[in-house]
Amino acid sequence: MVEARALAQQANLETRQAKHEPRTLAEQRATWRVEAEAALGADGVRSMLNATLTARQLRRPVFVTRSWVRTQSAQIIATMEGSRSTWQDWHVRAEALRIVRAANLPRRRVDDVVARLTHAALTRHSVALQAPADGIAEPAALRRSDGDSVYTVARSTWHTSRRIVAAEHRLVDAAGRRGGQQVPTPAVEVALIEAVANRTPLNPGQVALVRDMATSGARLQLAIAPAGSGKTTAMRALATAWRNGGGSVVGLAPSAAAAAQLGAQIDTHADTMALLTHALNHRRPLPAWAERIGPTSLVIIDEAGMADTLSLDQVVEFVLDRGGSVRLIGDDQQLAAIGAGGVLRDIQATHGAVQLNELVRFADPAEGAASLALRAGDPQALGFYLDNHRVHVGDLGTCADQVFDSWLTARHAGGDALMVAPTRSLVAELNARAQTHLHDGNHPTRTVALADGSDAALGDVIITRLNDRRLRTSGTDWVRNGDRWTITGIATNGDLRAIHQTNRQTVILPAGYVTESVELGYACTIHGSQGVTADVLHGIATGAETRQQLYTMLTRGRYANHVHLEVVGDGDAHSLIRPEAIIPPTATDLLERILARDEDNTSATTTARSLADPAHRLADAVARYSDALGYAAEQTAGADLVQRLGQAADELVAGLTDAPAWPTLRAHLLLIAASGADPVRALAEAVQARELGSAADPAAVLD
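Take any residue in the sequence shown, note its place counting from 1, add 154, and you have its number in the numbering used here.
Structure (structure tokens):
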């Protein structure tokens with residue numbers, strides 16, 4: 155099928171090149187049909203056209219009643235709870251529009267029904283998160299027609315639900331409970347000795363984590379593990395210590411892939427949180443491993459930052475009701491799944507968390523320290539990358555060329571380099587360029603299809619995406635997620651023989667594993683790079699990334715991590731009028747913007763705490779007070795004085811009243827007048843005080 159499509163496209167291209175003229179509409183339609191038949195077959199094309207052209211029998215419009223509005227508004231909030239912890243008016247309105255569209259209502263009624271659904275969802279089923287009243291009341295002149303202050307943004311109030319608030323409070327309270335299973339100290343020491351015997355010794359931070367989480371007796375405890383801190387080794391030792399103490403260990407994770415990885419890491423059964431919550435919500439029989447949870451059980455929840463709050467609360471409550479203990483492991487600054495989350499910050503703020511701050515991945519301790527500062531959003535972290543020539547600039551095409559050339563250089567030097575790009579299309583381009591170079595432009599005779607849709611041949615680098623202890627590389631090692639290999643053999647049945655990029659161990663990857671869990675490994679997306687480790691990383695950033703994405707990208711390489719920034723446009727005439735094209739930002743500007751773009755999940759509790767922060771409230775009150783003073787001065791000064799000020803300003807400095815900062819300067823002058831001084835004289839003295847010809851905004855300078 156793929157070959158037929160390719161042949162059709164190639165024939166079409168050759169025809170156009172021979173004619174040297176654009177295709178007519180008829181030719182275009184014929185080409186589309188050839189390509190579609192090559193991909194779907196003639197029967198598939200006919201079926202698709204019939205389904206598209208046949209008029210559907212539209213459903214009858216829904217009869218909108220009070221009961222229907224109550225039911226649908228409750229469903230809107232249920233949808234919000236599944237995707238975020240807090241929401242605003244426009245989030246709810248967007249979901250209401252989806253419901254109204256499905257209800258097949260007349261167009262003239264859409265706005266009214268959407269407004270009713272939005273109002274019901276926000277007033278009946280939501281809780282407003284607002285700062286405490288500060289006692290400051292604006293006069294009527296500073297209020298809108300609906301009575302709200304002009305200093306508030308319409309429909310900007312954050313909302314949550316009672317279920318979210320209750321779940322967050324239960325999780326925080328659970329983290330303060332004690333009386334759980336405590337592993338005897340000798341059992342913990344034996345586990346640590348076993349780790350040394352297995353040639354995986356723990357550093358002091360990992361040892362402290364294992365001892366604390368095994369012996370604390372906490373019913374719920376949190377561990378924050380940044381990238382490269384050796385979380386896997388610590389969790390394996392913790393599970394061993396718990397079993398040595400006579401307990402049992404179960405692993406849970408938000409996704410099936412993460413659960414499979416966790417089970418391989420701690421050598422126990424691991425499953426998804428959804429399997430347990432589904433059984434609890436639908437009163438289905440519990441899984442066998444869940445039935446066995448008791449007072450001596452430990453449930454390790456990996457990637458806890460990716461778990462939604464309601465599911466996490468339900469799982470923790472189930473385990474604690476059975477007398478078990480829970481350990482949450484995660485990093486709140488790496489990439490997170492979409493969901494109502496952010497509760498890890500609340501637990502840490504209230505009860506603290508065990509932290510792994512000693513990084514074991516980076517060869518240079520300075521780079522490890524810089525990555526921690528990057529994780530915290532500290533702009534000082536950029537100094538390391540700028541001073542060590544880790545930041546490169548150019549347009550998107552130049553950045554791709556730089557990344558590929560750097561990859562070639564590292565490969566020729568014998569290093570293991572990884573390319574990271576922001577889009578799948580760019581990843582595919584980089585992978586294709588790498589393959590073409592390695593195979594000298596020749597098409598290999600024997601290839602095998604991979605999970606990402608590409609074809610691999612002898613000598614290609616691949617990434618395994620699933621832990622599998624059955625695929626042994628030695629007596630103590632196996633295939634792990636994120637391992638990178640070089641293909642050394644391809645069997646006729648699709649099995650691959652590969653050698654590890656780092657430890658040089660070999661493995662046979664079955665055809666089924668290859669087609670489901672193996673990808674080409676020269677380049678990957680930022681999300682795909684999470685969990686991957688290489689010697690050197692070269693990544694492309696456009697400036698639109700979040701802090702979490704930049705942090706994830708710049709923590710993949712052991713010896714060096716480079717970012718290639720797109721700082722100039724592609725020359726498109728439509729983009730030449732944009733501010734960034736007229737005054738291009740520097741690399742430092744872009745990186746600082748990325749660090750300031752924190753898109754981590756924020757809980758309702760954290761949002762309420764931030765709104766009540768006295769520093770934020772004071773800053774807002776000062777800004778309102780200062781603006782209100784200027785407004786009051788203008789209202790009491792009278793139109794004659796305002797007009798005289800404008801005329802005098804333009805006489806002193808031509809075009810001054812057209813400057814962007816003139817309203818601010820005028821308010822300042824009116825306050826001077828209110829104090830009894832002459833505002834025109836004050837302005838004249840300011841004009842004579844310094845040169846204004848080079849000022850981009852003379853009103854700002856004078857102010």
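For every residue, glycine included, the Cβ atom is placed at its ideal position computed from N, Cα and C.
With contacts defined as CB atoms closer than 8 Å, Arg-515 and Tyr-705 fail to qualify as a contacting pair. Sequence-distant partners of Ser-370 (beyond 5 residues in either direction) whose C-beta falls short of 7 Å from its own C-beta are missing from its chain. In the assembly as shown, Val-304 is an exposed residue. Its beta-carbon has fewer than 16 other beta-carbons within 10 Å. Partner residues in the beta bridge of Thr-314, as assigned by DSSP, are Val-281.
About 11 Å separates the Cβ atoms of Ile-641 and Asp-649, ruling out a contact at the 8 Å cut-off.
Beta bridge pairing from DSSP links Asp-425 with Leu-406. Excluding residues up to 5 positions away in sequence, Ile-694, His-718, Glu-720 lie with their Cβ nearer than 6 Å to the Cβ of Cys-553 in the same chain. Assignment of beta-bridge partners to Ser-479 by DSSP yields Leu-452.
The region 281-301 makes contact with the region 756-775: 3 or more CB pairs, one atom from each, lie closer than 8 Å. Shown here, Asp-851 sits in coil according to DSSP, grouped into three states, outside any helix or strand. The Cβ atoms of Arg-763 and Thr-700 lie no closer than 8 Å to each other. Every alpha helix (DSSP H) stretch that sits fully inside the region 546-634 and reaches 4 residues is listed by chain position as 550-566, 578-592.
Per DSSP, the beta bridge partners of Glu-720 are Gly-548. Residue state for Ile-378 is assigned as strand, using DSSP reduced to three classes.
For Arg-638, the enclosing beta strand (DSSP E) has its first and last residue at 638-644. Shortest Cα-Cα distance from His-546 to any of Gln-468, Leu-691, Leu-434 involves Leu-691. Leaving aside the five residues that flank Val-223 on each side, the residues in its chain whose CB is nearer than 7 Å to its CB run, in chain order, Arg-270, Leu-271, Ala-274.
Residue state for Tyr-713 is assigned as strand, using DSSP reduced to three classes. For Val-776, the uninterrupted alpha helix (DSSP H) segment begins and ends at 768-791. Just measuring C-alpha positions, the residue of Val-326, Met-389, Thr-759, Arg-214 sitting nearest Leu-356 is Met-389. For Thr-504, the enclosing alpha helix (DSSP H) stretches over residues 497-505. As computed with DSSP, Arg-651 is found in a beta bridge with Gly-643, Ile-662. Its chain contains Val-337, Pro-338, Ala-341 as the residues whose beta carbon lies nearer than 7 Å to that of Gly-399, once the 5 sequence neighbours on both sides are disregarded; these appear in chain order. By the criterion of a C-beta distance shorter than 8 Å, Asp-804 is surrounded in its chain by Leu-810, Thr-811, once the five residues flanking it on both sides are discounted. Look at the beta carbons and you see the region 455-464 touching the region 412-432: at least three pairs across the two are nearer than 8 Å. Put simply, the region 596-609 does not touch the region 563-572. Fewer than three CB pairs are less than 8 Å apart. Rounded to whole angstroms, the gap between the alpha carbons of Leu-584 and Ile-253 is 42 Å.
In the structure shown, Gly-693 adopts extended strand secondary structure according to DSSP, grouped into three states. Beta-bridge partners of Ser-829 (DSSP): none assigned.
Rounded to the nearest whole angstrom, the CA to CA distance from Leu-625 to Gln-655 is 16 Å.
His-681 and Ala-377 have their C-alpha atoms roughly 22 Å apart. Around the Cβ of Arg-298, a 10 Å sphere holds fewer than 16 other Cβ atoms; the residue is exposed.
Taking a contact to require three or more Cβ pairs closer than 8 Å, the region 779-791 and the region 815-833 qualify as touching. Taking a C-beta distance under 8 Å as the contact criterion, Asp-606 and Thr-618 do not qualify as a contact pair.
With fewer than three CB-CB distances shorter than 8 Å, the region 390-409 does not count as touching the region 523-538. Between the region 413-424 and the region 463-477, the count of Cβ pairs shorter than 8 Å is below three; the stretches do not touch.
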